[in-house]
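Novice: First residue of the sequence shown? That's 9 in my numbering, and the numbers climb one at a time after it.
First, the structure itself, so that you have it in front of you.
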Amino acid sequence: MAKKKKDSDFRYNTGETKVPWAAVGENYNAQDLMSIVKFMMDGEGSEYDAAIKAVEDAVFTLDKVSTPPAKLSLDAQVAKAEEMCDEFLNTEGCLFVTNCTAGFEIASKYANLQPGDEVIVPAITFAATMAYPLSIGCKIVFADVDPKTLNMDPADVAKKITDKTRMIIPVHIGGYPVDMDPIMELAAKHNIIVLEDGAHAFGGEYKGKKLGTIGHFGSFSFHEVKNMTSFGEGGILTTTIKEFRPHMKRARFLGADFSKQIKNWLYDVCAIPGKDGSRFVATNFSTTEIQGLGLQLQLQRYPGILAERTRVATYLTQRLSVCDAIQPQDLGNEDIKPTFHLYSVVIDPEKAGGDVQLFKKKLAQKGVTEIAHFGPLYRFEVLKDLGYDEAAIAATCPVTEEVFDRRFTHFPIYGLSKEQIDYMADAILESIDEMQKGI
Numbered sequence: 009m010a011k012k013k014k015d016s017d018f019r020y021n022t023g024e025t026k027v028p029w030a031a032v033g034e035n036y037n038a039q040d041l042m043s044i045v046k047f048m049m050d051g052e053g054s055e056y057d058a059a060i061k062a063v064e065d066a067v068f069t070l071d072k073v074s075t076p077p078a079k080l081s082l083d084a085q086v087a088k089a090e091e092m093c094d095e096f097l098n099t100e101g102c103l104f105v106t107n108c109t110a111g112f113e114i115a116s117k118y119a120n121l122q123p124g125d126e127v128i129v130p131a132i133t134f135a136a137t138m139a140y141p142l143s144i145g146c147k148i149v150f151a152d153v154d155p156k157t158l159n160m161d162p163a164d165v166a167k168k169i170t171d172k173t174r175m176i177i178p179v180h181i182g183g184y185p186v187d188m189d190p191i192m193e194l195a196a197k198h199n200i201i202v203l204e205d206g207a208h209a210f211g212g213e214y215k216g217k218k219l220g221t222i223g224h225f226g227s228f229s230f231h232e233v234k235n236m237t238s239f240g241e242g243g244i245l246t247t248t249i250k251e252f253r254p255h256m257k258r259a260r261f262l263g264a265d266f267s268k269q270i271k272n273w274l275y276d277v278c279a280i281p282g283k284d285g286s287r288f289v290a291t292n293f294s295t296t297e298i299q300g301l302g303l304q305l306q307l308q309r310y311p312g313i314l315a316e317r318t319r320v321a322t323y324l325t326q327r328l329s330v331c332d333a334i335q336p337q338d339l340g341n342e343d344i345k346p347t348f349h350l351y352s353v354v355i356d357p358e359k360a361g362g363d364v365q366l367f368k369k370k371l372a373q374k375g376v377t378e379i380a381h382f383g384p385l386y387r388f389e390v391l392k393d394l395g396y397d398e399a400a401i402a403a404t405c406p407v408t409e410e411v412f413d414r415r416f417t418h419f420p421i422y423g424l425s426k427e428q429i430d431y432m433a434d435a436i437l438e439s440i441d442e443m444q445k446g447i
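Right under this line is the structure:
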């Protein structure tokens, strides 16, 4: 017997009435569900066809005795995912949003960023890090990177702070923690908001604190390529600003305040309080119940995912440490616990007999995928179109120029067989050996 629908949202009459108003418009049916099953579990051949037919028969039987969900977005599954993330991160009031970039926007609006304000980002990261402040006319200032971690160099950040600096966005590249203490000290001294870009860093730690919970805000990504996903997209926003937490959910959904109503209507819409008495208008970053459920399922097995990534990274670092031309991925310590979203390799061009561009060609010839995920942001055309001087910025980021063009790359380490991991390690060492011999 199908369950009776329950009241799921006061705006919609989903209980028993003479004339109901359902929360969901057109429901998905059994055939729709089968399309999703085939998408999620693709295949071909007679055995697959037989298995799909059996599933289809079962789904259509289930369809006769079940009811569709009463809500598809921002309901119990989203709330449960948020609760689980709070427990995992040791936070309060985290917010499940459409993606990591949505979290950046909310944090930036809280900071009351205005045209002409300066925002410091690492020179090497993904374009999303700078997208929102750039879109509203802020000036992006590029901090040089540490040659070993590829993360933002706090010493260079200190040099580039001015009286117009309003935000610093440290990025935990590849899941390796940024040195956050000096960043937070600079922020406190100059009254600057710190937004941690934790796109790669969910579950990593810095001195006993989870990454993304050290700055004023932290935003994580559950995009399809990340350590953990929520059916392809999604993000979590955290904040250490206690007075902002009660406003987080309204910041996600248009400022709607369901605790009060305007005359003859169901709710009110309010501006969201920001830094130093400012106010901002919220837009819509609502997430679906399916995303919420997906996040819950992956979070339940996330400790095992991190453990496997750590195991493979440890093995590769042990294998590659025999070559003094290679700086393999640092594995961290009691204070520094990476997530190993990517496995970083930095080579010494002099000792290796060539730079990383030659190294990449060697690996490609051997069928090994290497991932230089990020380029210097100031080389992108969008910056040139907005009047940024690439050469002038490059001159202020000498380490970035050197490591990107000559020294570093990233490798995938998850979902590979032992044979594939062994082959990758062999190929890396063989490529360096060939370069040294001039082959």
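We put the beta carbon where it would ideally sit given N, CA and C, even for glycine.
By Cβ distance below 8 Å, which residues in the same chain neighbour V32 in space, the five residues on each side in sequence not counted?
Specialist: P76, P77, A78, K79, L80
Novice: Report the CB separation of T99 from T295 in whole angstroms; it is logged as a contact under 8 Å.
Specialist: About 17 Å; that fails the 8 Å criterion.
Novice: If you draw a straight line from the alpha carbon of P420 to that of Y351, how long is it in whole angstroms?
Specialist: The alpha-carbon atoms of P420 and Y351 are separated by roughly 6 Å.
Novice: So, at 7 Å on beta carbons, what are the nonlocal neighbours of A433 in its own chain, with the 5 sequence-adjacent residues on each side left out?
Specialist: L324, R327, L328
Novice: Is the segment 96 to 116 close to the segment 216 to 233, with three or more CB pairs under 8 Å?
Specialist: Below 8 Å, enough C-beta pairs join the segment 96 to 116 and the segment 216 to 233 to call them touching: three or more.
Novice: Who does Q335 pair with in a DSSP beta bridge?
Specialist: V354
Novice: Using the Cβ count rule (16 or more neighbours within 10 Å means buried), how would you classify P406?
Specialist: exposed
Novice: Measuring straight from C-alpha to C-alpha, what distance separates Y275 and L262?
Specialist: 12 Å
Novice: Can you give me the Cβ contacts of G362 inside the same chain, cut-off strictly under 6 Å, excluding the 5 residues immediately before and after it?
Specialist: M443
Novice: Between the C-alpha atoms of T246 and F210, what's the straight-line distance to the nearest angstrom?
Specialist: 11 Å
Novice: Helix or strand or just coil, what does DSSP make of D363?
Specialist: In the three-state DSSP reduction, D363 falls in the coil class, being neither helix nor strand.
Novice: Candidates R317, I128, E113: which alpha carbon is nearest P346's?
Specialist: R317
Novice: Output the distance between the C-alpha atoms of I169 and L391, rounded to the nearest integer angstrom.
Specialist: 20 Å
Novice: On the CB-based measure, 16 or more other CB atoms within 10 Å of its CB, does S439 come out buried or exposed?
Specialist: Answer is buried; the Cβ neighbour count reaches 16.
Novice: Could you please give me the residues that DSSP links to K217 through a beta bridge?
Specialist: Y214
Novice: Does the distance from the C-beta atom of I200 to that of F382 stay below 7 Å?
Specialist: no
Novice: Mind reading off the beta-carbon distance from I379 to H418? Whole number of angstroms is fine, and I expect it under 8 Å.
Specialist: Correct: roughly 5 Å between the Cβ atoms.
Novice: I'd like to know whether the C-beta atoms of Q335 and V354 end up nearer to each other than 7 Å.
Specialist: yes
Novice: In chain order, what residues of the same chain have a beta carbon less than 7 Å from the beta carbon of V45, not counting five sequence neighbours either side?
Specialist: V63
Novice: According to DSSP, what are the bridge partners of T291?
Specialist: None; T291 has no bridge partner.
Novice: Taking the Cβ atom as the reference point for each residue, do I244 and F104 lie within a distance shorter than 7 Å?
Specialist: A Cβ-Cβ contact shorter than 7 Å links I244 with F104.
Novice: Take the Cβ of M48 as the centre, count every other Cβ of all protein chains shown within 10 Å, and call the residue buried at 16 or more, exposed below.
Specialist: exposed
Novice: If you follow the alpha helix (DSSP H) that E91 is part of, which residue opens it and which one closes it?
Specialist: 84 to 97
Novice: Apart from the five residues on each side of it in sequence, which residues of its chain come closer than 6 Å, Cβ to Cβ, to K218?
Specialist: L97
Novice: Would you kindly work out how many angstroms separate the C-alpha atoms of S425 and P357, rounded to a whole number?
Specialist: 30 Å
Novice: Here's the rule: buried if 16 or more other CB atoms are within 10 angstroms of the residue's CB, otherwise exposed. What is G240?
Specialist: exposed
Novice: Alpha carbon to alpha carbon, what distance is there between K368 and Q306?
Specialist: 33 Å
Novice: Report yes or no: do three or more beta-carbon pairs, one from the segment 269 to 286 and one from the segment 51 to 60, lie closer than 8 Å?
Specialist: The segment 269 to 286, when compared against the segment 51 to 60, does not touch it at the 8 Å Cβ threshold.
Novice: Just to check my reading of the structure: A89 and L314 have Cβ atoms closer than 8 Å, yes? What is that Cβ distance to the nearest angstrom?
Specialist: So it is not a contact: roughly 18 Å between Cβ atoms.
Novice: Within its chain, find whatever has a CB closer than 7 Å to the CB of T173; leave out the 5 residues flanking it on each side and keep chain order.
Specialist: If we look at T173 and ignore the five residues flanking it on each side, its Cβ neighbours are E126, I128, H198, I200.
Novice: Beta carbon of I401, beta carbon of Y422: below 7 Å?
Specialist: no
Novice: On the criterion of 16 or more Cβ atoms from any shown chain inside 10 Å, does P254 qualify as buried, or is it exposed?
Specialist: exposed
Novice: Report yes if the CB atom of A435 is closer than 7 Å to the CB atom of L371, and no otherwise.
Specialist: yes
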